[in-house]
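Have a look at the structure below before the remarks.
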Amino acid sequence: MCGIVAYIGEKSAVPLLMEGLKKLEYRGYDSAGICIACNHRLEVIKRSGRIAELEKVARLNEISARIGIAHTRWATHGAPNEINAHPHLSCHGEIAVVHNGIIENFRSLKDMLTKEGHQFTSDTDTEVLAHLIEKFYQGDLATAVIKALHNVEGTFGIAVLHKDEERLVIARRGSPIIIGLGQRETIVASDAVSIIPHTKKVIYLNDNEIAIIGMHDYRLQNLNGESIANDIQEIRWNIEQIEKRGFKHFMLKEIFEQPEAIRNTMRGRITNGQIKLSLHTDISRIKRIIIAACGTSWHSALIGKNLIEKYTGIPTEVDYASEFRYRQSIINRDVLLIVISQSGETADTLAALRKAKTAGTQTFGLVNVVGSTIAREVESGVYLHAGPEIGVASTKAFLCQVVALLLLALYIKQQNGEQIDPTLLEKIEAIPEQIQQVTERSDELREIAAAYLANRNFLYLGRGINYPVALEGALKLKEISYIHAEGYPAAEMKHGPIALIDANMPVVFIATKGAVFDKVISNMQEVKARGGIILTITDHDNPYLRELSNHLMIVPETLEDLSPLINVIPLQLLAYHIADLKGLNVDKPRNLAKSVTVE
Ligand code: F6R
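Residues 1491 to 2089 (this note's numbering) make up the sequence shown, in order.
Below you can see the structure in the form of structure tokens.
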């Protein structure tokens, strides 16, 4: 949610900031802006809309400065227009701020500042910060920022400039900030993707910490003004991983990367018939598991519940993190809370984690982004190693989450002294190759997709472990193609959604072999009898299924427990091709942002 990039160093700041912003655009694309400091003057240029709009400003090519801050916005307070775009200036134009997060008490602060004579130009909470810092400014920006932040409730990742100070002041509470240490330059950003092209040496700022970064040095403090020393860490991702490499969209590239991504999740974790995970969890203490997550990660959690209960016998609940954090849930020392998050920054998931820790619950994380807040705060966990996921719609992270949950379930089973079936391990190891067999048939799905561009609604039905796959298929379609889609357990259809079935309602069935295969066929008949259009994903080619289905996609056969890993691929591709054929911006769908750091 919102992307921040800041630069101080010997190079020209503007091209670097613009390049950094473009890599962060997936975090929000309502408006973009830049502020540079030069000759005791701040110059702000901003535009509503995407970064491409900002890039058109000819003046940008004329500016030569070595310090600057920039922002791409996902609107929270105030409409997505130019006035509300960041950076925001203080009254006298001496201080500029870019901000990711929400200042919850901005109304009372704004009232107070207005009474003191401050005049505001925007509707944003962020502008209040600029004025507040100005109020406290007495010749030292860092001191003023600390004083201002003591008056602020809410979340922030901020970068601040003062026209007379050759330094950047950065602070964080709840919204990620990474400091990249280059050769005679420092690049600060909300996400490592903007830093990797320049350096791999980074410092992660923690909550309530501030960094004061000069041309040749930096220092870190907490908000009490005490010096701190965070470790310098090395980012492992490389530049190729964040490029499109010939694919039209990141989403398509990431769908195709899935075989390799799950190989990376498994690497070193299945050896000689054993599952190897380094857990600091006391398994004997676990009487109940709760999994908290949001969106697609919540869908992988539902699959995880099936796997964990089957392989470990431990009762497992799945909760939306946003519900769990405010519900009076029964959590204690016997519970293991698993949090799942691609970004590792989702505000609700982080809050769920912190709530559980306060209750003395053991915590475990499945996170993709190394060094992210959730990754750092969980007691123990596994990294997904999916590589950077740039497309706003999650694909490869979902698959890696399911694999990691499977490994976790099997690991607990093994720790309980039970054998793992070698056939199961063989089948798991065959999955990447089988996924590739599906991605190679992407063109077939494009042809099917072409028939559905005018439809306004879709239903996705699956049962058992494939019910969450139906949810995920529907989510993918709605978020990138803006077609209303619902996922349902197939048998629930007759308790309501069946009323929707007619010749304009495509119904996607997940009908791979397993305990409920015959039941799903009966549900297909119910749809057929009412004139619905049927698209079937199956591993079972027979004349009867062909007769029932308007389109049939045959996928490779595997065990039922592993089938979600294969069945979701055609659904990702179907959603992708429908959205692309409709000419939509697949990687940056409207109103969405990749990393949801506000609640
Ligand atoms: C959907 C999607 C979102 C995320 C959700 C949680 O394609 O990407 O639903 O899954 O915002 O994000 P993370 O996993 O980063 O916590």
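For glycine and all other residues, C-beta sits at the position ideal for the given N, C-alpha and C.
Is S1790 near the ligand F6R, in the sense that its beta carbon is under 6 Å from a heavy atom of that ligand? no
Where R1663 falls, given that 16 or more other Cβ within 10 Å makes a residue buried: buried
How long is the line joining the alpha carbons of K1968 and I1729, rounded to whole angstroms? 31 Å
Nearest to R1517 by CA position, among T1836, E1916, I1828, is which residue? T1836
Extract the residue ranges of the beta strand (DSSP E) inside the region 1659-1694, only unbroken runs of 3 or more that lie entirely within it. 1668-1672, 1675-1679, 1691-1694
Could you check whether I1880 and F1740 sit closer than 7 Å to each other, using their CB atoms as the reference points? yes
Please classify N2032 as buried or exposed, where buried requires at least 16 neighbouring CB atoms within 10 angstroms. exposed
Does the region 1881-1892 come close enough to the region 1732-1746 to have 3 or more Cβ pairs within less than 8 Å? yes
Helix or strand or just coil, what does DSSP make of I1636? helix
Judging by CA-CA distance, which residue of D1520, I1526, R1556, I1524 is the nearest neighbour of G1539? D1520
With a cut-off of 8 Å, do at least 3 Cβ pairs link the region 1974-1993 to the region 1947-1956? yes
Limits of the alpha helix (DSSP H) - the one that E1934 falls within: 1932-1940
Note down the Cα distance separating R1778 from K1795, rounded to an integer number of angstroms. 11 Å
Can you say whether R1657 is buried or exposed, counting buried as having 16 or more other CB atoms within 10 angstroms of its CB? buried
8 Å contact criterion, which V2058 and F1814 should meet: CB distance rounded: That pair is no contact at about 25 Å.
Spatial neighbours of S1580 within its chain, please: C-beta separation below 6 Å, excluding the five flanking residues on both sides. A1620, H1621, E1624
Measuring CA to CA, which of Q1723, L2055, K1637, K1512 is closest to T1477? Outside the displayed span of the chain (1491 to 2089) sits residue 1477, for which this structure offers no information.
Contact check, I1765 vs S1790 under 8 Å by CB: the rounded distance? So it is not a contact: roughly 18 Å between Cβ atoms.
Which one of L1856, V1892, D1681, A1811 has the shortest CA to CA distance from R2089? Strictly speaking, residue 2089 in this sequence is Glu, with Arg absent from that position. Out of L1856, V1892, D1681, A1811, A1811 has the C-alpha closest to the C-alpha of E2089.
Host beta strand (DSSP E) of P1996 (start-end): 1996-2000
For the ligand F6R, is there any heavy atom lying closer than 6 Å to the beta carbon of Q1832? yes
Sorted by chain position, which residues of the same chain lie with C-beta nearer than 7 Å to P2060's C-beta, five sequence neighbours on each side aside? V1928, L1935, I2027, M2043, V2045
Nearest CA to the CA of A1682: which residue from M1756, L1639, P1912, I1732? I1732
Closest Cα partner of E1572 within the set L1990, G1523, G1672, H2041: G1523
Burial state of H1706, where buried means 16 or more other Cβ atoms lie within 10 Å: exposed
In terms of DSSP beta bridges, what is R1778 paired with? V1825
Which class does P1577 belong to by DSSP, given the choice of helix, strand or coil? coil
Taking R2020 as the reference, which of L2055, K1984, Y2034 has the closest Cα? K1984
Quick one: is the Cβ of G1785 within less than 6 Å of any heavy atom of the ligand F6R? yes
Once the 5 residues before and after Q1628 are set aside, which same chain residues still bring their CB inside 8 Å of it? A1634
Three or more C-beta pairs below 8 Å linking the region 1848-1855 and the region 1767-1776: yes
The ligand MN heavy atoms versus the CB of T1836: any closer than 6 Å? Here the bound small molecules are the ligand F6R; the ligand MN is not part of this structure.
Is A1783 closer than 7 Å to V1495 when the C-beta atoms are compared? no
Go to M2014, then tell me how far its alpha helix (DSSP H) extends in each direction, as first and last residue. 2007-2019
With I1636 and L1713 assumed to form a contact (beta carbons below 8 Å), what rounded beta-carbon distance in angstroms separates them? 6 Å
Per DSSP, the bridge partner or partners of P1979: G1952
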